[in-house]
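See structure below.
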Amino acid sequence: MSADTPMMQQYRRIKDQQRDAILFFRLGDFYEMFFHDAKEAAAVLGLTLTQRNGVPMCGVPYHAANTYIPRLLRAGKKIAICEQTQLPAAGSKLATREVTQVISPGIITEQDFLDSNRDNYLVAVCRQATELCMAWIDISTGRFELHSYPWEQAVPGLRQELARLAPRELIVQESLLETPVGEVLRSSRDVVVNRYPDWLFSVEESYRRLTDYFGTTNLRGFGLDENDPGLAPAGIVLEYIQENAGSRLSHVNSIGKLRDGDFVPLDEATQRNLELVENLQDGGTEFTLFRVLNYTETAMGARALARWLKQPLRRIDPICDRQQRVAQLYHHQTTLSEIRECIAGARDLERLGSKIGMGRCNPREMEAVGATLAVVLQLQDLLARQPELLPVFPVARESGEAARKLHALIAHAIADNPPTTPGDGGCIRTGFDAEVDRLRQLHDNSGEILQDYIRKLQQETGIPSLKVKYNRILGHFIEVTRTHRDKVPESFIPRQSLTQSDRFTTTELNRIESSLNSAEQNLIDRELEVYADVRSQVEDELAELQRIAALLGELDALQSLAQAATIHGYVQPRLDSSRKLSISGGRHPVVEQHLPPGDFVPNSVELSEPRFALITGPNMAGKSTYLRQAALIVLMAQIGSFVPANDAHIGVVDNLFCRVGARDNLARGESTFLVEMSETAHILRTSSDRSLIIMDEVGRGTSSTDGQAIAHAVCDYILNHIRARTLFATHYHQLSMIEHPDFTNLSLSVVENGSDIVFLREIQDGPSNHSYGIQAARLAGVPKAIIAAAEQFLLQMEPENQGELPRMVSPADPAAVPAAAPPDSLFSVETEAADMLRNTDPDSITPLQALQLVAQLREKLLSG
1 MSADTPMMQQ YRRIKDQQRD AILFFRLGDF YEMFFHDAKE AAAVLGLTLT
51 QRNGVPMCGV PYHAANTYIP RLLRAGKKIA ICEQTQLPAA GSKLATREVT
101 QVISPGIITE QDFLDSNRDN YLVAVCRQAT ELCMAWIDIS TGRFELHSYP
151 WEQAVPGLRQ ELARLAPREL IVQESLLETP VGEVLRSSRD VVVNRYPDWL
201 FSVEESYRRL TDYFGTTNLR GFGLDENDPG LAPAGIVLEY IQENAGSRLS
251 HVNSIGKLRD GDFVPLDEAT QRNLELVENL QDGGTEFTLF RVLNYTETAM
301 GARALARWLK QPLRRIDPIC DRQQRVAQLY HHQTTLSEIR ECIAGARDLE
351 RLGSKIGMGR CNPREMEAVG ATLAVVLQLQ DLLARQPELL PVFPVARESG
401 EAARKLHALI AHAIADNPPT TPGDGGCIRT GFDAEVDRLR QLHDNSGEIL
451 QDYIRKLQQE TGIPSLKVKY NRILGHFIEV TRTHRDKVPE SFIPRQSLTQ
501 SDRFTTTELN RIESSLNSAE QNLIDRELEV YADVRSQVED ELAELQRIAA
551 LLGELDALQS LAQAATIHGY VQPRLDSSRK LSISGGRHPV VEQHLPPGDF
601 VPNSVELSEP RFALITGPNM AGKSTYLRQA ALIVLMAQIG SFVPANDAHI
651 GVVDNLFCRV GARDNLARGE STFLVEMSET AHILRTSSDR SLIIMDEVGR
701 GTSSTDGQAI AHAVCDYILN HIRARTLFAT HYHQLSMIEH PDFTNLSLSV
751 VENGSDIVFL REIQDGPSNH SYGIQAARLA GVPKAIIAAA EQFLLQMEPE
801 NQGELPRMVS PADPAAVPAA APPDSLFSVE TEAADMLRNT DPDSITPLQA
851 LQLVAQLREK LLSG
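Using the UniProt record's numbering, read the sequence shown as starting at 1 and increasing by one per residue.
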């Protein structure tokens with residue numbers, strides 16, 4: 001294949017318009033890729049890369065494209081589908097080709113390409129004056145929203161929203177990449193990033209584009225002012241999907257603005273540390289709160305539940321309203337079981353609605369819409385028998401007529417088990433359209449029609465042996481033997497004479513033949529017309545259909561919370577506007593599910609008077625579990641869920657911070673200590689006296705003296721300035737001596753058994769007197785020789801032995817090197833560990849650094 005052929009010239013022209021996408025170029029029964037596209041696709045898809053006349057190329061069968069496209073999307077690639085749209089003109093061998101669809105991770109609608117349990121967002125980001133502005137859309141459901149942050153909060157705000165939305169694709173104002181925000185954007189993994197010039201982000205132009213699209217004179221009906229800076233990215237998002245989706249977008253029929261006061265903002269660290277919908281291990285849902293609470297029966301419900309977990313409610317009335325609906329289901333267990341059984345028959349009506357709005361809903365998907373509306377009608381009948389439950393599912397009383405109308409239309413129009421493609425025929429139910437019935441009868445009864453005509457001719461001519469036959473040359477013809485030649489009427493038109501017979505046709509036979517030949521195509525054409533009309537009627541009710549879908553997803557999420565409360569033994573918390581936090585017998589909702597029944601040790605939380613608790617105790621004793629447990633219980637209460645406790649009284653929080661654990665962020669070039677201090681600074685800047693602050697080991701990433709000073713200053717600031725409810729875990733035991741009326745000490749119970757310890761996992765009043773680091777190291781399996789060396793080192797660090805501290809050992813001083821460890825306890829790696837001890841100057845390290853040394857030694861031994 002030459003790079004200069006007319007076909008390759010055509011390819012280059014089209015590719016120049018799709019530089020950021022892999023071009024699927026249709027050639028016969030294959031989509032071919034060339035040059036760099038071929039190399040990229042071959043690497044991702046595992047295809048064989050070939051060359052023809054120096055042009056790299058690979059391809060996939062067109063009928064199997066849907067098995068390859070999702071893999072490219074998951075790799076963060078965009079795909080442009082180039083189809084043959086016209087046959088070659090006279091005198092030309094080159095067919096007309098054009099891009100019919102661009103598929104990118106942020107504008108997917110095909111179910112096979114989507115994760116059914118998560119939203120699929122395209123996000124645009126820009127700066128307008130003193131604000132960072134964002135807009136996002138999920139084209140698969142029509143959800144379209146915007147939000148802004150003051151520029152001084154741009155970095156944490158953007159991190160928070162990206163963590164919550166988990167977008168698949170970004171549109172970024174180019175100049176943003178040169179600001180601190182750019183680091184956040186560049187660190188987004190597996191996300192397609194589209195750079196747009198600054199001048200495109202115009203509030204005025206976006207306002208015009210949005211009003212034109214929605215067909216309104218202004219946007220006040222959506223709660224938006226014409227000068228709202230968030231309009232700039234919203235207009236860009238709309239333009240992008242209009243240019244690339246390749247279809248109309250009638251399902252995108254509203255836009256909303258995220259209101260700060262409606263939800264508890266969860267920063268990136270809190271979302272990560274609490275493992276709400278993704279775990280820290282591999283990003284999956286195992287060992288997450290979502291997995292524990294997810295008893296949904298539909299994809300709509302699962303997505304709604306995930307959104308609730310990442311956006312707890314902030315206002316008391318909406319929280320109590322949702323909680324009461326969960327309680328209604330919880331206290332009607334028989335009805336709850338019936339609802340679960342019924343709702344299991346529903347399909348993903350949100351995403352089916354988007355297919356209708358884009359004109360892509362096929363007959364099988366339309367049948368699924370009808371089946372889901374049947375579920376809605378069953379739920380209406382079910383809840384009508386229990387009027388007190390009607391608030392649980394508002395659509396039962398508010399959308400009954402629309403649901404019945406659409407269900408009746410689809411049930412009468414669409415055949416059972418219809419084909420995926422309407423052009424395959426058989427999608428319209430018999431009895432719905434008279435013309436379809438006539439053509440179908442003509443098509444299905446062609447043999448019988450010919451037999452009726454033969455019997456008619458035999459009677460009229462008196463020729464019992466007269467037959468109607470068919471061949472590809474003559475088509476249908478009448479055959480009469482020579483013995484009956486004299487009975488042939490004048491209306492018979494001669495076609496062919498044979499030795500033993502003659503062949504004829506008639507005007508009526510020609511009409512029948514023409515009718516039979518065109519019946520199949522006419523039937524397909526008529527079915528397409530009828531199906532298009534049905535789809536149009538359903539689309540006219542799309543807004544109501546989307547409303548039903550949203551309420552159905554909400555009901556599914558509500559029943560999921562009620563079912564989780566039933567199975568796991570949760571209680572209904574009391575919520576109010578106080579600053580109280582009282583949890584009796586609280587349990588970690590995730591950890592308890594992965595322990596044998598009865599093994600988890602419940603613990604209470606009391607943060608009212610006093611409201612600041614310092615928690616001390618050894619590692620492995622359960623401090624982190626206790627901290628996360630308190631945060632998760634509060635979060636569960638504020639999504640309207642029951643909670644894992646014996647009793648709970650919670651004053652609604654306006655912000656929830658959970659800084660637990662430490663890690664480097666290599667992608668951002670940040671050390672553990674820098675990450676820790678950045679997160680701490682964010683908490684201190686944005687929390688209030690109505691917040692809940694969970695902090696673990698503040699200051700441990702630096703020297704003992706500096707770390708203790710920082711931790712003390714943070715405690716002081718929270719106690720005297722923020723005055724928030726706080727759980728503060730630390731190894732700096734000196735902090736337990738803080739005196740303040742709002743301060744109290746808690747610790748984890750430990751029982752000593754000789755040189756060993758037993759963790760009771762119970763919270764008790766008062767500080768811990770020991771860190772038990774060496775005992776914890778022994779429990780963790782650190783070799784005995786290392787434990788012995790650490791104990792000796794620690795003994796020498798005791799105050800009464802300060803005058804007897806050993807001098808720093810030099811490797812060049814053989815006399816000072818201790819005797820080698822027994823061969824069965826230390827080998828080459830153990831020797832390295834011993835060298836680390838020899839090269840340690842005990843005069844220059846703190847007790848904390850000694851414990852850190854033990855941790856390093858253990859890591860080296862385990863890795864060896």
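Every residue, glycine too, gets a C-beta built ideally from N, C-alpha and C. All values derive from a computational prediction rather than experimental measurement.
Excluding the 5 residues flanking it on each side, L466 has same chain C-beta neighbours closer than 8 Å at I454, L457, Q458, I478, E479, V480, H484, in chain order. Unbroken beta strand (DSSP E) runs of no fewer than 3 residues, entirely contained in the segment 694–738, are found at 725–729, following chain order.
Only exposed fits R220, as fewer than 16 other CB atoms lie within 10 angstroms of its CB. In this structure, DSSP gives S604 an extended state, which the three-state scheme calls strand. Within the DSSP secondary-structure output, D502 pairs in a beta bridge with V480, S497.
Using a 10 angstroms sphere on the CB of Y470, the tally of other CB atoms stays under 16, which defines it as exposed. For H649, the enclosing beta strand (DSSP E) starts and ends at 647–651.
Apart from sequence neighbours up to five positions away, the residues of its chain that approach T296 with a beta-carbon distance below 7 Å are A302, L305, D556, A557, S560, ordered along the chain.
From the listed residues Q18, E679, T288, the smallest Cα separation to H36 is found for Q18. A straight line joining the alpha-carbon of L581 with that of S354 spans about 43 Å. Comparing C-alpha distances from F30 to each of Q51, R52, C58 shows the shortest one belongs to C58.
Put simply, of V44, I241, E145, A630 the residue whose alpha carbon is nearest the alpha carbon of I255 is E145.
Sixteen is the threshold: since fewer than 16 other Cβ atoms of the shown chains lie within 10 Å of the Cβ of G28, the residue is exposed. Counting the other CB atoms within 10 Å of its CB gives K93 a total below 16, which places it among the exposed residues. A distance below 8 Å between beta-carbons, with the five flanking residues on each side excluded, links W308 to the following residues of its chain, in chain order: A557, I639, G640. Exposure of P597 is indicated by the presence of fewer than 16 other C-beta atoms within 10 angstroms of its C-beta. Around the beta carbon of M695, a 10 Å sphere encloses 16 or more other beta carbons of the protein chains shown; the residue is thus reported as buried. Spanning the alpha carbons of N417 and M366 requires a straight line of approximately 11 Å.
The segment 536–546 and the segment 342–357 touch, with three or more beta-carbon pairs separated by less than 8 Å. Unbroken alpha helix (DSSP H) runs of no fewer than 4 residues, entirely contained in the segment 87–167, are found at 154–165, following chain order. In this chain, the alpha helix (DSSP H) harbouring A327 covers 316–330. By the Cβ test, the segment 119–139 is not in contact with the segment 212–227, since fewer than three Cβ pairs between them sit closer than 8 Å. The segment 599–611 makes no contact with the segment 368–385; the number of CB pairs closer than 8 Å stays below 3. Annotated as distal: V277 and F263, with beta-carbon spacing of 8 Å or more. The Cβ atoms of G235 and E205 lie closer than 8 Å to each other. Note that the C-beta distance between A613 and V750 is not below 8 Å. Rounded to the nearest whole angstrom, the CA to CA distance from K77 to R690 is 44 Å. Per DSSP, the continuous alpha helix (DSSP H) segment holding I241 begins and ends at 231–244. For F673, the uninterrupted alpha helix (DSSP H) segment begins and ends at 672–686. Nearest neighbour of K310 by Cα position, chosen from S577, N194, A166, turns out to be A166.
K467 sits in a strand when the DSSP states are folded into three classes. Its Cα nearest to that of E541, the residue N253 stands out among R168, N253, G617, D381.
DSSP lists L748 as the beta-bridge partner residues of I763. Here L47 is not near P56, since their CB atoms are 8 Å or more apart. Per DSSP, the continuous alpha helix (DSSP H) segment holding D444 begins and ends at 434–444. Counting of Cβ neighbours within 10 angstroms places Q792 among the exposed residues, the total staying below 16.
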